[in-house]
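Notes for the one structure printed next.
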Amino acid sequence: MSSDRTRRGWIKYGAALGGLFTGCSTEPHEQSEDEGINKLGKGVGLYGERSPEQKVARLLGTNKHPEASSSTTPLDSTMGIVTPAALHFERHHAGVPALSEKDHELLLHGLVDTPLVFSIADLKRLPSASQTYFLECAGNGGREWSEKVAVDVQSGFGLASCSEWTGVKLSTLLQEAGLKAGAQWFIAEGGDTCKMHRSLPIEKGLKDVLLAYGQNGEALRPEQGYPLRLIVPGWEGNVSVKWLRQIKVVAEPLASREETSKYTDMMPDGKARQYTFAMEAKSVITNPSGGHKLTKRGYVEISGLAWTGKGRIERVEVTTDGGKRWQQAKLQEPRLPMAFTRFRFDFHWSGEEATIASRAVDESGYVQPAREELLAVRGGNSHYHFNGVKLWRIAADGKVTHVEA
Ligand SMILES: Nc1nc2c(c(=O)[nH]1)N[C@H]1C(S)=C(S)[C@@H](COP(=O)(O)O)O[C@H]1N2
Ligand SMILES: [Mo]
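Here the numbering used here is used: the first residue of the sequence shown is 19, the next is one more, and so on.
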């Protein structure tokens, strides 16, 4: 087909579209020479299909027991700040239980005036809230502590995702039940075989904890805790108990397995930090990043994600010379508290080697530390709560790799 005929085809197609916009066209429009346009497409469906362009997938963890494993979000293939629900990372300690919304109940008891039981229908009758929050596993980037630094964004940072969660505020239920004197903590327990449970301060429960039944506009997926989960904004993922079936109000924390032997930070002196709840400011350049290849010199948009468990991201700085000079990135608005913040930075790649990185500053003024700064304070015994700056190297041939520690 000559370029001239193609152009005529497009002009005719454009005229047909013009008819659409002016209201209606009673004339059957002229046949286009473009084959695809002449063939009838597929009809309507009950649930939308995935774009054929989207070959991206979660990456499965290496635990030999899939029930106790994890899967990571391909952060370098997601756009904006929302993670598609089907690409949200997963972390299960005892697999995904098969629960039904119809039979599920939530028990609220302990130091309350009136113990209460709620069905999901009961909860859906109550005032609802929708909030966009990131969720990050405390073990995200755990391997960055050791020499084995992550080769790409998905394996090193993909235990973090961001969704719009819908549900009832826990404060609504606590007010309904009435708190007794001495109510300082609450224990949330899941309905999976391991009955995952964590102690949380009652102030946080009264502030912003959500009992979520919806994610990105639809019901929770089974992997995300269907039919009900806790969402504890900004705090380590482990406390956002999935398949939630019980909340007990208590005076003291329980010191459960997940808050003693796990999710604690071993310090250089051999003592462990306990209850590191809020995830500190973190960011990473997702594009370009490890495993990518730049094919053209000239303009390249550097883009990535920043988040903090302590409110909003105030600023993100980008370096393209290995940290000698830091420049301010543009932040996508609105900047939501305890949600992903997308940053963008205009870069001109000359075709020479370059080392790029981002660092986040949150509204408390906290600055994301360099990996060495973090190691100086925390020592090398840690596994959880890594938030050091991540460097990527662009080689002269355009290949992007991680930088060896
Ligand atoms: N009941 C229950 N809740 C749970 C878990 C679990 O195994 N069982 N895993 C926790 C951990 S360690 C994390 S990081 C988050 C992960 O949530 P996601 O799978 O929806 O991403 O859920 C938390 N809640
Ligand atoms: Mo986790």
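We put the CB at the ideal spot given by N, CA and C, even for glycine.
- Collapsing the DSSP output to three states places Lys300 in a strand.
- By a beta-carbon distance limit of 8 Å, Ala357 does not contact Cys155. Their separation comes to about 17 Å.
- Under the three-state reduction of DSSP, Ser258 is assigned to coil, being neither helix nor strand.
- Trp183 is bridged by DSSP to Gln149 and Gln233.
- Secondary structure at Arg76: coil, using DSSP grouped into helix, strand and coil.
- Separation of the CB atoms of Leu188 and Leu229 is rounded to 6 Å, and the pair is thereby assigned contact status at 8 Å.
- According to the DSSP assignment, Ser189 belongs to the alpha helix (DSSP H) that extends over Leu188 to Ala195.
- The straight-line gap separating the alpha-carbon atoms of Val171 and Asn56 is approximately 42 Å.
- For Ala375, the enclosing beta strand (DSSP E) has its first and last residue at Ala372 to Asp380.
- By DSSP's assignment, Trp367 forms a beta bridge with Gly316.
- Taking a contact as a CB-CB distance under 8 Å, the pair Val334 and Leu354 does not count as one, their CB atoms being some 15 Å apart.
- The C-alpha of Pro387 is placed about 12 Å away from the C-alpha of Leu409.
- In the displayed model, Gln172 falls within a helix according to three-state DSSP.
- Secondary-structure assignment with DSSP links Gly398 through no beta bridge to anything.
- For Gln345, DSSP records a beta bridge to Val336.
- Listed in chain order, the beta strand (DSSP E) runs fully inside the stretch 98 to 156 are 123 to 128, 134 to 137 and 147 to 154, counting runs of at least 3 residues.
- In the displayed model, Leu228 falls within a strand according to three-state DSSP.
- Taking the Cβ atoms as the reference, Glu332 lies roughly 5 Å from Val379, within the contact range of under 8 Å.
- Cβ neighbours of Glu298 within its own chain (closer than 6 Å, five residues either side excluded): Asn405.
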